[in-house]
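Colleague: The sequence shown runs -20 to -1, 1 to 163 under mature numbering (1 follows the signal peptide of the UniProt record, and there is no 0).
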Amino acid sequence: MNMKKQLVFVVLAIIAFGFAITSDANTYIVGDNSGWHISTNLDTWEQGKKFVVGDVLVFQYASTDSVCEVGQESFRTCNTTNVINCFSDGNTSIPLTSPGERYFFCGNRLYCYSGMKLDVIVERNQSDTTEAPLSSVPETESGGSKNNNPSTIVPSGVESIYAGSNLVLMGLLGFWGVLISIV
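1. Would you please state the rounded distance, in angstroms, between the beta carbons of residue 30 and residue 103? I believe it to be under 8 Å.
2. Between the beta-carbon of residue 100 and the beta-carbon of residue 26, is there less than 9 Å?
3. Using the three-state DSSP reduction, which class does residue 91 fall into: helix, strand or coil?
4. Do three or more CB pairs link the stretch 80 to 94 to the stretch 6 to 20 at distances below 8 Å?
5. With residue 57 as the anchor, note down where its alpha helix (DSSP H) starts and where it stops.
6. Could you tell me the distance, in whole angstroms, from the CA atom of residue 62 to the CA atom of residue 9?
7. Out of curiosity, what's the CA-to-CA distance linking residue 13 and residue 39?
8. Taking the C-alpha atoms as reference points, what is the distance between residue 44 and residue 106?
9. What residue range does the alpha helix (DSSP H) around residue 23 cover?
10. Indicate the three-state DSSP secondary structure (helix, strand or coil) for residue 14 in the structure shown.
11. One question on the structure: do residue 96 and residue 22 come within less than 9 Å of each other, judged by their Cβ atoms?
12. Which term fits residue 69, buried or exposed, when burial requires 16 or more other beta carbons within 10 angstroms of its beta carbon?
13. Suppose the cutoff is 6 Å on Cβ atoms and the five residues either side in sequence are ignored; what does the same chain contact list for residue 72 look like?
14. Hey, residue 33 and residue 77 are a contact pair by Cβ (cut 8 Å); roughly how many whole angstroms apart?
15. Express the C-alpha separation of residue 94 and residue 64 in angstroms, rounding to a whole number.
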């Protein structure tokens, strides 16, 4: 290898490895083992979790259910006519790409009224060096807007954290890809 190729290789390897190590992103299975289901106490599941930019929410649910992202007013009233996105594939991953509040509910309005809804506040990732203002973060309602009182309370478990190890693997694969392309 000539000196120029070696330098490019070293720089790319350092960048890929540095990115993999500094990521604080997590993947959360919404509802843990119970999944996105009417019997899951989503208020309990959400307690103690801190969502940051780069995290991913994974909704796992039956084919008869759905998950819809909506605005604050639609969330509050379970209005299913004005959705941002609606999914019904049974396994939906939603990346949290910017700070602010995000609102999700089941597209079945009765399930929404029964508490199958989730709002998360996404904070800026501390490992992110860019300083963007939080002016786009809407104010939350005092007292919350959820009425989640299912007959069966499922305690939350340990959240699933996959993103960190996946980023390390991606960094290593990128490293090997650069190595192979140079040689």
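The C-beta atom is built at its ideal place from N, Cα and C for all residues, glycine as well.
Modeller: Concretely, from the data shown:
1. Counting from one through the sequence shown, the residue named residue 30 turns up at place 50. Counting from one through the sequence shown, the residue named residue 103 turns up at place 123. So it is a contact: roughly 7 Å between Cβ atoms.
2. Taking the first residue of the sequence shown as position 1, residue 100 is located at position 120. Taking the first residue of the sequence shown as position 1, residue 26 is located at position 46. Yes, the pair counts as a contact, with Cβ atoms nearer than the cut-off.
3. Within the sequence shown, residue 91 is the residue found at index 111, counting from 1. In the three-state reduction of the DSSP assignment, residue 91 falls in the helix class, which pools H, G and I.
4. With a cut-off of 8 Å, the stretch 6 to 20 and the stretch 80 to 94 count as touching, because enough Cβ pairs lie within range.
5. Numbered from 1 along the sequence shown, position 77 holds the residue referred to as residue 57. Per DSSP, residue 57 is one residue of the alpha helix (DSSP H) stretching across 52 to 57.
6. As a working mapping, residue 62 is identified with position 82 in the sequence shown. As a working mapping, residue 9 is identified with position 29 in the sequence shown. Looking at the two C-alpha atoms, the distance is approximately 25 Å.
7. For the purposes of this step, residue 13 is taken as the residue at position 33 of the sequence shown. For the purposes of this step, residue 39 is taken as the residue at position 59 of the sequence shown. If I take the Cα positions, the gap works out to 11 Å.
8. For this step, residue 44 is matched to residue 64 along the sequence shown. For this step, residue 106 is matched to residue 126 along the sequence shown. In a straight line, the C-alpha of residue 44 is about 38 Å away from that of residue 106.
9. As a position in the sequence shown, residue 23 is number 43, starting the count at 1. Counting along the chain, residue 23 sits inside the alpha helix (DSSP H) bounded by residues 22 to 26.
10. Along the sequence shown, read from residue 1 onward, the residue named residue 14 stands at position 34. Residue state, collapsed to three classes: helix.
11. For this step, residue 96 is matched to residue 116 along the sequence shown. For this step, residue 22 is matched to residue 42 along the sequence shown. For the pair residue 96 and residue 22, the CB atoms are nearer than the 9 Å cut-off.
12. To locate residue 69, count along the sequence shown from 1; it is residue 89. Flag for residue 69 reads exposed.
13. The count along the sequence shown starts at 1 and reaches residue 72 at position 92. Here the set comprises 39, 47.
14. Along the sequence shown, read from residue 1 onward, the residue named residue 33 stands at position 53. Along the sequence shown, read from residue 1 onward, the residue named residue 77 stands at position 97. Between residue 33 and residue 77, the beta carbon gap of about 6 Å places them in contact (Cβ cut-off 8 Å).
15. Position 84 of the sequence shown, counted from the start, is the residue given in the question as residue 64. Position 114 of the sequence shown, counted from the start, is the residue given in the question as residue 94. Using only the alpha carbons, I get a separation of about 21 Å.
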